[in-house]
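Participant: One point on numbering: in our numbering, the residue at position 34 of the sequence shown is 46, and numbering is uninterrupted.
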Amino acid sequence: MGNLVLSHNTTQLWLAPVLQDVKLVEGDMLAADVGEATHIFLSSLCFGPQLMEQITEKLSKEAVKLQCLATLRALPRSNSVFRYTGAVFAEMTWTGVEGTAIRLYSLTRICALENSDHP
13 MGNLVLSHNT TQLWLAPVLQ DVKLVEGDML AADVGEATHI FLSSLCFGPQ LMEQITEKLS
73 KEAVKLQCLA TLRALPRSNS VFRYTGAVFA EMTWTGVEGT AIRLYSLTRI CALENSDHP
């Protein structure tokens, strides 16, 4: 199976129908209200280990509706709340069309609910 490569032109076409429901927030992740967020992208390339730990802790407690976390840096290994589900490659301003890896995670509590026999 090949890697998925996203570029501005391709994502523009298939994301157009949902863009009206997307809320982009730029700011301090540790101060942000993430309670209603279903998908979060962390441009975490320059985040240190301590900040990644703090963000992971915050999201595990507050992001109750989170379905997918996408991040440029891997989450801390001590994390047991998020499950790595794979990666996609996307073109960035500092890369060519080969892109850079965006790591994808889901909350383990969401995974448990999806795999549950209970309705």
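C-beta: ideal position from N, C-alpha, C; glycine also.
(1) Does the count of Cβ pairs from the stretch 95-102 and the stretch 67-78 closer than 8 Å reach three?
(2) Going by DSSP in three states, Thr105 sits in which element: helix, strand or coil?
(3) For Pro88, which option in Gly108, Ala99, Ile67 has the closest C-alpha, if you only look at C-alpha atoms?
(4) With DSSP as the reference, label Ser72 as helix, strand or coil.
(5) Quick one: what does DSSP say His20 is sitting in, helix, strand or coil?
(6) Report buried or exposed for Ala43, applying the criterion of at least 16 other Cβ atoms within 10 angstroms of its Cβ.
(7) In three-state terms, what does DSSP make of Leu54?
(8) By the three-class DSSP mapping on this structure, what secondary structure does Leu84 have?
Facilitator: Looking at the atomic coordinates:
(1) no
(2) Position 93 of the sequence shown holds residue 105. Reduced to three states, the DSSP call for Thr105 is coil.
(3) Taking the first residue of the sequence shown as position 1, residue 88 is located at position 76. Selected option, being the one with the closest Cα: Ile67.
(4) Stepping through the sequence shown from its first residue, residue 72 is reached at position 60. In this structure, Ser72 counts as helix in the three-state DSSP scheme.
(5) Translated into positions along the sequence shown, residue 20 becomes position 8. Note on His20: pLDDT 49, under 50, position unreliable in the model; no value is reported.
(6) For the purposes of this step, residue 43 is taken as residue 31 along the sequence shown, with counting starting at 1. The residue in question, Ala43, is exposed, as its Cβ has fewer than 16 Cβ neighbours within 10 Å.
(7) The residue given as residue 54 occupies position 42 in the sequence shown. In the structure shown, Leu54 sits in a strand (DSSP, three-state: E or B).
(8) In the sequence shown, counting from the first residue as 1, residue 84 sits at position 72. The answer is coil: DSSP assigns Leu84 none of H, G, I, E or B.
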